[in-house]
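Asker: Going down the list, the protein sequences come from chains A and B. The numbering of the first sequence is the UniProt record's numbering, which starts it at 1 and goes up by one. The numbering of the second sequence is the UniProt record's numbering, which starts it at 1 and goes up by one.
2 protein chains.
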Amino acid sequence: MVKDKGTEQLIKDTAKKIFFAEGKLHATTQDIADAAGVNRTLVHYYFRSRKILFEQVAEEALEELRQIMSSIFIGKLSFKEKLKKLISVFIDETSALPYRELFLITETNRHNQGLEDQVHDTHVKPFLADIKEEMDKGNITVMDPRQFMINLFSLMAYPLLASTLSKGFMRISDHEYIQMMKQRKQLIFEMIYPNK
Amino acid sequence: MVKDKGTEQLIKDTAKKIFFAEGKLHATTQDIADAAGVNRTLVHYYFRSRKILFEQVAEEALEELRQIMSSIFIGKLSFKEKLKKLISVFIDETSALPYRELFLITETNRHNQGLEDQVHDTHVKPFLADIKEEMDKGNITVMDPRQFMINLFSLMAYPLLASTLSKGFMRISDHEYIQMMKQRKQLIFEMIYPNK
DNA sequence: TTAATATTTAACATTTTTGTTAAATAAAGA
DNA sequence: TCTTTATTTAACAAAAATGTTAAATATTAA
């Protein structure tokens, strides 16, 4: 593997790949070092401890999720267009890194710490207000805007998170599943934002 | 804790509680023994190794998911009633054990083994056929029946699986979140099975 | 009761994972 | 160049987790 951005970054990126892309939540520092093709001591040299590496990775995962949200909500698109964009971006991102949320969830459970997050005021609150407004306009089904948001993220995230189970139960091949995930962009939009 | 069903069962039940209810996927045999209030050696006495305990727990998790499916599909209810029942049962079950699927997913990823499951022919295939039929009747929106099924399970499972993230981002209290999950039974049904 | 069996415990051993130290090598600046 | 600093490695140490053994206790059936 190329170490263009330096070894420290390489280690962190490799850890993310193992956790977020491969879903190997039990990976050890040795596993990470091996995958990165470096001596395990470097993990300690750059991060001092496994715990700190994990915390950095978790913090950046959270930051990445924030980025997705903010990338959508800058610019003056209509709600409808924002929604389309969010679905497309989120599904693309999550297809590449399906287990990122899962990592956050399990790390949070591991240390019995809920997450007090600032993303609420900057992104979630305005988004919920937009949803409310769109309901008042009669464009989407009226419900608790938070339920709307939960529905949206459920439909986007779950099939990628649980692809192993879905594919197993429904006997869908890897290739076809990818196709289906692409189709979901349109499908989710139509469910959430019905034409009439 | 009472050991009515014997210590072996107690250990297994405790492991399930830690994995499925608390989402502590990194729990050690010591953690499990402590939570069960027994000597760790008993884990080895009854299960020989940590690996075997995990495999048994995973196999039973899978069996429990099958049970949910079959409990719905015996009896001669209409599709509409089956759907209502499935949503209600699944959400109740998953509220109690939100991380059961997550355990299966991570254990599957850990050992690079997909799951070749017999549940397909007995439950999933007939369910998909029912969905198709209902679409032909014009009762539900026409789409790939597998997408319908994915939507259904996404809407049911994800909010419970990712409750930590949802509550954190949207600033919802534990108590209120439970209320919202109850409301989702009706809400999901209406999304999936629209009145007109 | 007693002998056989099942269950539980403590002590020990091994393996795995994590963390530390010091030395070797490479890179960069004076 | 030489000297300082950064990076990497190997060897070692400590801790954590898993697995094994044998003895103690409880249970059961003859």
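No residue lacks a Cβ here, since even glycine has one placed at the ideal position from N, Cα and C. None of these values were measured; they are calculated from a predicted model.
(1) Is Leu104(A) closer than 9 Å to Ile105(B) when the C-beta atoms are compared?
(2) Taking C-beta to C-beta, are Ala21(A) and Tyr99(A) nearer than 9 Å?
(3) Could you check whether the Cβ of Glu60(A) sits closer than 9 Å to any Cβ belonging to chain B?
(4) Taking the continuous alpha helix (DSSP H) assigned at Tyr45(B), which residues delimit it?
(5) Rounding to the nearest angstrom, what Cα-Cα distance links Asn139(B) and Gln183(B) in this structure?
(6) Verify whether the separation of the beta carbon atoms of Leu128(B) and Leu25(B) is less than 9 Å.
(7) Which of the residues in the segment 108-120 of chain A, read from start to end, lie with their CB under 8 Å from any CB of chain B?
(8) Pull up the distance between the alpha-carbon of Asp136(B) and that of Gln56(A), whole angstroms please.
(9) Does chain A have any CB closer than 9 Å to the CB of Gly23(B)?
(10) Below 6 Å CB to CB, which residues in the same chain sit around Asp4(B) once its five sequence neighbours on both sides are set aside?
(11) Are the Cβ atoms of Leu165(B) and Leu115(A) separated by less than 9 Å?
(12) Is it buried or exposed, Glu194(A), if we count other Cβ atoms within 10 angstroms and call 16 or more buried?
(13) Check the Cβ of Met135(A) against every Cβ in chain B and list those closer than 7 Å, keeping chain order.
(14) Within 10 Å of its beta-carbon, does Ile72(B) have 16 or more other beta-carbons around it, so buried, or fewer, so exposed?
(15) From Phe169(A) to Arg48(A), what distance separates their C-alpha atoms?
(16) Can you give the Cα-Cα distance for Phe148(B) and Arg50(A), rounded to whole angstroms?
(17) Does any residue of chain A have a CB that is nearer than 9 Å to the CB of Ala96(B)?
(18) Exposed or buried, Thr28(A), counting other C-beta atoms within 10 Å across all chains shown (16 or more means buried)?
(19) Determine the closest residue to Asn112(B) out of Lys12(A), Ile18(A) and Asp13(A), with distance taken between C-alpha atoms.
(20) Mind checking which residues open and close the alpha helix (DSSP H) that includes Ala157(B)?
(21) Let me confirm a value: Val142(B) is counted as buried when at least 16 other C-beta atoms fall within 10 Å, else exposed. Which label applies?
(22) Can you grab the Cα-Cα spacing for the pair Met83(B) / Glu134(B), in whole Å?
(23) Using a Cβ-Cβ cut-off of less than 9 Å, list which residues of the segment 135-161 of chain A approach chain B; keep chain order.
(24) Do Tyr46(B) and Glu8(B) have their C-beta atoms closer together than 9 Å?
(25) Any beta-carbon of chain A closer than 9 Å to the one on Val2(B)?
(26) Since Gln56(B) is in the alpha helix (DSSP H), which residue starts that stretch and which ends it?
(27) Any idea what DSSP makes of Glu116(B), helix, strand or coil?
(28) Does the CB of Val124(A) have a neighbour CB from chain B at under 9 Å?
(29) Using a C-beta to C-beta distance shorter than 8 Å, which residues of chain A count as neighbours of Phe169(B)?
(30) The alpha helix (DSSP H) spanning Arg184(B) covers which residue range?
(31) Between the Cα of residue 197(A) and those of Lys80(A), Met69(A), Ser78(A) and Ala58(A), spot the shortest distance and give me the residue it belongs to.
(32) Taking C-beta pairs closer than 7 Å, name the residues in chain A that Leu187(B) reaches, listed in chain order.
Answerer: With the structure as the only source:
(1) no
(2) yes
(3) no
(4) That run of the alpha helix (DSSP H) goes Thr41 to Phe47.
(5) 23 Å
(6) no
(7) Listed by position, the residues of the segment 108-120 of chain A near chain B (Cβ gap below 8 Å) are Thr108, Asn109, Arg110, Gly114, Leu115, Glu116, Asp117, Val119 and His120.
(8) Cα to Cα, the separation comes out at about 51 Å.
(9) yes
(10) Confidence is the limiting factor: at Asp4(B) the pLDDT is only 43, short of 50, which leaves the residue's position unreliable and the question unanswerable from this model.
(11) yes
(12) Going by the sequence as given, residue 194(A) is Pro instead of Glu. Its Cβ having fewer than 16 others within 10 Å, Pro194(A) is exposed.
(13) What Met135(A) touches in chain B: nothing, since even the nearest Cβ is about 14 Å away.
(14) Counting of Cβ neighbours within 10 angstroms places Ile72(B) among the buried residues, the total reaching 16 or more.
(15) Straight-line Cα distance between these residues: approximately 43 Å.
(16) 42 Å
(17) no
(18) exposed
(19) Comparing Cα-Cα distances from Asn112(B) to each of Lys12(A), Ile18(A) and Asp13(A), the minimum goes to Ile18(A).
(20) Pro145 to Leu161
(21) exposed
(22) It should be noted that the sequence gives Leu, not Met, for residue 83(B). The straight-line gap from Cα to Cα measures roughly 11 Å.
(23) Thr141, Met143, Asp144, Arg146, Gln147, Met149, Ile150, Asn151, Phe153, Ser154, Leu155, Met156, Ala157, Tyr158, Pro159 and Leu161
(24) yes
(25) For Val2(B), the pLDDT reaches just 38, beneath the cut-off of 50, and the residue's location in the model is therefore unreliable, although a value from the coordinates is still provided. Chain A contact via Cβ: absent.
(26) Arg50 to Phe73
(27) coil
(28) yes
(29) Asp117, Val119, His120 and Val124
(30) Asp174 to Ile192
(31) Missing from the structure shown is residue 197(A); chain A here goes from 1 to 196 and no further.
(32) Met143 and Gln147
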